[in-house]
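**Q** For the sequence shown, the working numbering gives the first residue as 1, with consecutive numbering after it.
From the three backbone atoms N, C-alpha and C, an ideal C-beta is built for every residue, glycine too.
The structure presented is a predicted model; accordingly, all values stated were derived computationally and were not measured.
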Amino acid sequence: MVQFKRNMLSVALASATMMLAAGAQAQTAEPQTTQKEDTKQGDAKTLDTVLVTGIRGAIERSIDTKKESNEIVEAVSSEDIGKLPDVSIADSIARLPGLSAQRFGGRAQEIHIRGFSGDFSTTTLNGREQVSLGQNRGVEFDQYPSELMSSAVVYKTQNASIIGQGLSGTVDLRTVRPLDYDKRTIAVNLRGDMNRLEDSKKYGNRYSVSYIDQFADNTIGLALGYAHLNNPSQNHTFGSWGYDGDGILGGWNVGERIGENERDGLMGVLEFRPGGNWESTLDVFYSKFDVDEDLHNLESARAGSTVTSRTDAPDGTATSVTFANLPFITSKNESHSMRDKLLSVGWRNEFKFGEAWNMTADVSHSSAERKERVLEVYAEYPVEGGDTLTYTLNPDGYYEFDYGRDYGDPGSMVLTTGGGGAAGSWGQDGYLKDFTVEDEMNSLRLDFERSFEKGFVSSLEFGLNYAKREKSRAADEAQLYLNPDFTPGSAPIPDDALWTTSIGFPGIPSGSLVGVDADKVLPLYYARRNIHRDINNKNWEVDEDLATAYIQANIDTDFLGAPLRGNFGVQAVQADQQSSGIAMFNGVAVSTGSSNGAKYTEILPSLNLKLELPNENFIRFALGRQMARPRMDEMKASADFSVARVSDVNGTRLEFSGSGGNPELKPWIANAFDLGYEKYFHGSGFFTAGVFFKDLQSYIYNQSTPFDFSQLPIDDALPPGAERPPTTEGFFNQPVNGTGGTLKGYEVALSIPFDMFWAPLEGFGFTGNYSDVTSSIRPNPNDADETLPGLSKYVSNMSVYFERWGFSARVSQRSRSDFRSQVIGFGGDLSRGRLFKGEKVTDVQLGYEIQSGPLQNLSFLLQVYNLENEPFRESQAGFPDRPTSYNSYGRTYLLGVNYKF
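(1) Please say whether residue 375 and residue 513 have beta carbons closer to each other than 8 angstroms?
(2) Are the stretch 561-571 and the stretch 600-613 in contact at 8 angstroms, needing three or more beta carbon pairs?
(3) According to DSSP, is residue 469 helix, strand or coil?
(4) So the candidates are 60, 179, 415; which of them puts its Cα closest to the Cα of residue 275?
(5) Excluding sequence positions up to five away, which residues of its chain have a Cβ less than 6 angstroms from the Cβ of residue 240?
(6) Tell me the rounded alpha-carbon separation between residue 727 and residue 653.
(7) Taking contact to mean 3 or more Cβ pairs, one atom from each stretch, closer than 8 angstroms, check whether the stretch 177-192 and the stretch 127-146 are in contact.
(8) Would you call the stretch 362-371 and the stretch 451-462 in contact, with 3 or more CB pairs under 8 angstroms?
(9) Measure from the alpha carbon of residue 865 to the alpha carbon of each residue in 895, 72, 850, then state which is nearest.
(10) Pick from 753, 88, 579, 900: whose alpha carbon is nearest that of residue 108?
(11) For a quick check, are the C-beta atoms of residue 788 and residue 771 less than 8 angstroms apart?
(12) According to DSSP, simplified to helix, strand and coil, what is residue 329?
(13) With respect to the beta strand (DSSP E) encompassing residue 640, which residues constitute its N-terminal and C-terminal limits?
(14) Would you kindly check if the distance between the Cβ of residue 467 and the Cβ of residue 441 is under 8 angstroms?
(15) DSSP beta-bridge partners for residue 902?
(16) Report yes or no: do the stretch 320-335 and the stretch 384-401 share at least 3 C-beta pairs separated by less than 8 angstroms?
(17) Taking contact to mean 3 or more Cβ pairs, one atom from each stretch, closer than 8 angstroms, check whether the stretch 223-233 and the stretch 147-155 are in contact.
(18) Please state if the CB of residue 415 and the CB of residue 493 are separated by a distance shorter than 8 angstroms.
(19) Across the stretch 273-291 and the stretch 343-356, are there enough close Cβ pairs to call them in contact, namely three or more that are closer than 8 angstroms?
(20) If I follow the unbroken alpha helix (DSSP H) through residue 57, where does it start and stop?
(21) Please return the same chain residues whose Cβ sits closer than 8 angstroms to the Cβ of residue 385, not counting the five positions on each side in sequence.
(22) Since I believe residue 393 is in contact with residue 429 (beta carbons under 8 angstroms), could you give me their beta-carbon distance rounded to a whole number of angstroms?
(23) Work out the CA separation of residue 197 and residue 889 for me, nearest whole Å.
(24) Would you call the stretch 607-624 and the stretch 157-168 in contact, with 3 or more CB pairs under 8 angstroms?
(25) Exposed or buried, which one is residue 269 when buried takes at least 16 other CB atoms within 10 Å?
(26) Taking the alpha-carbon of residue 71 as reference, which of 527, 327, 565 has the nearest alpha-carbon?
(27) Please report the straight-line C-alpha distance between residue 505 and residue 99, rounded to a whole angstrom.
(28) Residue 335 and residue 294 - do their beta-carbons sit closer together than 8 angstroms?
(29) So, is residue 296 buried or exposed, given that buried needs 16 or more other C-beta atoms within 10 angstroms?
(30) For residue 752, count neighbouring C-beta atoms within 10 Å of its own C-beta (all shown protein chains included) and say buried if the count is 16 or more, exposed if not.
(31) Assuming residue 820 contacts residue 833 under a Cβ cut-off of 8 angstroms, what Cβ separation, rounded to an integer in Å, is found between them?
(32) Comparing alpha-carbon positions, which option in 538, 606, 682 lies nearest residue 59?
(33) Are residue 554 and residue 458 touching if we call contact CB-CB under 8 angstroms?
(34) Using 8 angstroms as the threshold, is the stretch 845-853 in touch with the stretch 866-882, meaning 3 or more CB pairs across them?
(35) So what's residue 139 in DSSP terms, helix, strand or just coil?
(36) Grab the span of the beta strand (DSSP E) containing residue 840 for me, first residue to last.
Dropping the structure here:
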């Protein structure tokens, strides 16, 4: 289906381009309606998304941003503040050319740029690099309410003045500037939403208020915004435990996850522009996001059962299997909570010295904290003599299960040890995990600019930036055991802790699923701290001191009679990185721990040129050296080592070996080339095409390499009198900088207002984009088929809209082909290289705005997200028709009202 959409969009873009060529030639170089003055006066601004009104205005403002930029950029903006239906700004950004989003919990959260995952890009807020809540650098965009952002610009090529730039791109989120408006603006939005998954309905709400005003003869500006989200979530889920050599499931789980997502966001901007030579701006952004979820699964393993019949697909996958004597059916119940906090503060002061010199001083703070808890307990349906079961592969990508017994009776379930009690014990009756992530960055930046009246260089910029970042992760885990008063396999469940629902997925017996409220039964357990090596490995801290200097010349001249603008410059980044973690010998923590680090300097030259040809035609060219700093969970100093006796041609000897992180990692580096063409016409019409090429000079791989173990506390680790290896040299498995490879692709985008063909079609329009990316890089040396994380070969977006007389309608669809990426794995760490199926997500909106009278600017809207209930699916590497996970989130309906005055 995704392939069909890709071909359809490619044909549509090509055909429409041919049609518009004649129309564009028929137009003279009519002046474009400039939006710059309008954005500074009157209407407030918000993001381009499935809008009630202002669709064409938003397109034109994005066009202005693209045309004015000397770099190759994509932009989203909108005409009226507060008319944002997207859950977060990620939904808006994901519709841009060459960009896609990965969903977590049904929400667009991570942005992939040109085939690269979020590890290769950076995110700034008003030009200041932001910290993250996850285990790495990638920002989780669902933390940023779209109502509080005025625009977003994605830099696909970099210039020397962009601090903290990424290798794949830099996403700059922007809040409003109140002195860009000449009058007070207040916007209020109210929405009620309903999430429907099959026959289950959950209700939530969303509201926001924005206030913009000016004081003291427009020398003081104030903007305040508050956005609240209470969003229910539902998820029907299937997961496999892997397949045996005969293509049969080894184990499986099916169930439902339900929860509440509550987010509160605050934004404040205070501007002071007294006139003369000084301007000061204070920005504050705060977000608090709480997630509470309950998961109830039926789980079973085939061990000990007998296969009585099977039907196979051509690739050897058993598409239908019947088991006899299935030994156990376990109910796994989880309570998952997450408490996130983000804070970003920046103070910027601009000074003018005469007619030629400007100076800017900027100080900023960004911090994030996540506290996460996962509690799991097990219950069981005692099955004497085992059960019979038949599973059948559903073409949508999951298995349907037909059990021989009824598991919908809560009275037959008891608390137990996971995995079938004493016969197949998991060694615990429950488990508790607590994770904490803290991330903080403080920065100081100084910029200088010298303007010139003559020559092809219009100005010279140079500056310094110093940033100090500290990120840590802590894990505290415990095994749970039923109190001595209870015997596993017979402990009754309190009535108020039982939970029953009818979900009809996927073939649940009687259509009912019985679960246990894990929080309510927690007092029945006692805890024993788990000090396993895997838990110790999750505790680490990484510190970075980053000094950046740059110089950049801005070009404004003519070339062969055509205006030529751009910039060339160089950025130097000096990094001093240190990490500390737990050192383990034979899995036991060593008291002195482990620490190490590295220093490096990278030189990043850049060139951006924009040639403006007649009739709104532009040619762009860019060259540059780009950098992305390493993943922070790979920079950890945590290490697990041991001594083993090895034999080779030289005989038998003792030798050190181990595994862990690498605090000495250097960044990813790429030499990049971009060439693009842009054509603008008829106000909101454009056609753009571009090719890009990145030659990665290095990539980071997990490898076993020679290692000097004297870096680790071996004296504290080895017992007194223990036999030692003759040398501290050995082999250590860790992430290392290795050879790189290439990534190349092309992208096209088209926007057509239909009235350019026939005047009565005014208000109708189409926007679409398509990208195609390939790469020679194989991130896993042991898997030649594994591609770059985040790389979908095909990505496309389409929107058809109508907007006139106050009425508006829009249908948007974003799609991507199969891709590899990461998700949170079994133990709370990131599980990488997972293969996810292509998807297409469709959104619809209808709206009406009152355009005159006492209720002018009052608007109503009806929205549907994920109209076709597109699931998030994963398959086994090498066997694309073997599902390993399936998550269905349902569709969400919103009914709302907006008012601006």
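**A** In short, the structure shows the following:
(1) no
(2) yes
(3) strand
(4) 179
(5) 249, 252, 884
(6) 10 angstroms
(7) no
(8) no
(9) 895
(10) 88
(11) no
(12) strand
(13) 639-648
(14) yes
(15) Residue 902 falls outside the range modelled here, since the chain spans only 1 to 901, and no answer is possible.
(16) yes
(17) yes
(18) yes
(19) yes
(20) 55-68
(21) 325
(22) At roughly 34 angstroms, the Cβ-Cβ gap does not stay under 8 angstroms, so residue 429 and residue 393 are not in contact.
(23) 7 angstroms
(24) yes
(25) buried
(26) 565
(27) 33 angstroms
(28) yes
(29) buried
(30) buried
(31) 6 angstroms
(32) 682
(33) yes
(34) no
(35) coil
(36) 839-849
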